[in-house]
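Quick notes on the structure that follows.
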Amino acid sequence: MSFREWHDRWWNARIVEPYTLRGDASSIKNHVLPYWADWEMRAITRMDIQSWIRTLAENSTGAAAIQRAYNLMSSIMRAAVDDDAIAVSPCRRIDLPQIAVKPPQWFTLDQAQSILDELPAPWKMMCLLGFYTGLRWGELSGLHRHRIDQRRSRLFVVEANTKSGIKEYPKSSRSRREVPLPPHVLEVLARFIHRLDRDALVFTTITKGRAGRRFDDGNRRAGAEVGVPVAFLLRGELIDHDERKFHGGLSL
C-alpha cells in the first residue's frame with residue numbers, strides 16, 4: 001500500500017475540529033505528501049523519517065511547522081500500526097529542531113491605560129477584563145452573562161467562541177475554570193451587563209449595520225473594528241501578574 005492510499009483512508013476517518021483540520025491539511029499538502037506520497041508504507045524506516053526532517057530544515061521550514069508535520073506523520077503511522085498495515089511505526093526517537101520560546105512581553109499599567117483611553121466603551125470593558133483575567137480572545141468573545149457570578153466575584157470559563165461557532169466546552173477539562181474578579185473590575189462589569197439577558201453574550205460586534213452579532217472570525221474582525229492595539233492585546237500579551245495586584249490600577 002502506498003503512503004498516499006493510507007493517508008487518504010486515515011484522513012477520511014479523522015474526527016477533529018474544523019480549524020484544526022484546515023491547519024493539518026495545509027501542513028500535509030506542503031510538507032508531508034510532496035515527500036512521502038509515492039513511498040510504500042512498509043518501506044519507510046526510522047532513518048527515512050530523520051532524513052525527511054533534515055530536508056525540511058535545510059529548506060528553511062520553521063521549527064514549529066516541522067513539529068506539526070512530524071506529529072501528523074507520527075499519527076498516520078500509529079494508525080497504520082493499529083490497523084495492522086505496518087508492524088511498527090518508524091516515528092520514534094526522531095531528533096527535531098527546537099522551537100524558540102519567546103519571553104512574554106508585558107504591558108505596563110501606563111501602556112494599558114493609554115490603550116483603554118482610546119477605545120469605545122464596549123471595548124474598554126472587554127480589554128479591562130482581558131487585562132485582569134488573562135482570558136483568551138475566544139473565551140472573552142464567547143463569555144455569556146450567566147457565567148458571571150457577581151455574588152462570589154467570579155466568572156466561569158465554559159464556552160469558547162470559534163470560527164465554527166460557540167463551543168460548549170474549551171479544549172480540555174483544565175480549560176474549564178473559575179477566574180476571580182478584582183472588586184473594581186466587577187463593579188464596572190456589573191454596570192456593563194445589567195441590561196443583558198441571562199443567556200446573552202457579553203461582548204458582540206458594534207459596527208453599524210451588524211451590531212450585536214457574535215464575532216465570527218476571531219482576531220481579524222476585532223482588529224478591523226477596534227484597531228491594531230486591541231488585536232495585539234488579545235493575542236495574550238497582557239499585564240504582568242504582579243501588576244494586576246494593584247487594585248484600581250486601570251480605570252474606564
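Mapped onto full-length UniProt numbering, the consecutive letters of the sequence shown carry residue numbers 1 to 252.
All C-beta atoms in this analysis are idealised placements derived from N, C-alpha and C, irrespective of residue type, glycine included.
Note that this is a predicted model, so its numbers are computed, not measured.
Check	Outcome
Cβ separation of P18 and I66, assumed to be a contact under 8 Å, to the nearest whole Å	Rounded, the Cβ-Cβ distance is 24 Å, inconsistent with contact.
The alpha helix (DSSP H) enclosing T108, as first and last residue numbers	Note, T108: premise wrong, no alpha helix (DSSP H); not H, not E.
Nonlocal neighbours in the same chain, by C-beta distance under 7 Å from H241, ignoring five residues either side	In this prediction, H241 has a pLDDT of 46, which is less than 50 and means its spatial position is unreliable; what the coordinates show is noted afterwards. There are no such residues.
First and last residue of the uninterrupted alpha helix (DSSP H) at F131	A121 to T133
DSSP-derived helix/strand/coil call for M1	coil
Minimum C-alpha distance to L201 - residue among T207, H184 and G138	G138
D197 burial status per 10 Å Cβ neighbour count (16 or more: buried)	exposed
Residue range of the unbroken alpha helix (DSSP H) whose run includes R92	Taken as a continuous stretch (DSSP letters only), R92 belongs to no alpha helix (DSSP H), as it is neither H nor E.
Same chain, Cβ closer than 6 Å to T133, five either side skipped, listed in chain order	V179
Any 3 or more C-beta pairs closer than 8 Å across the stretch 182–199 and the stretch 138–155	yes
DSSP three-state assignment for T61, whether helix, strand or coil	coil
Coil, strand or helix - A231 by DSSP	Model confidence at A231 stands at a pLDDT of 45, short of 50, so the residue's coordinates are unreliable and nothing is read from them.
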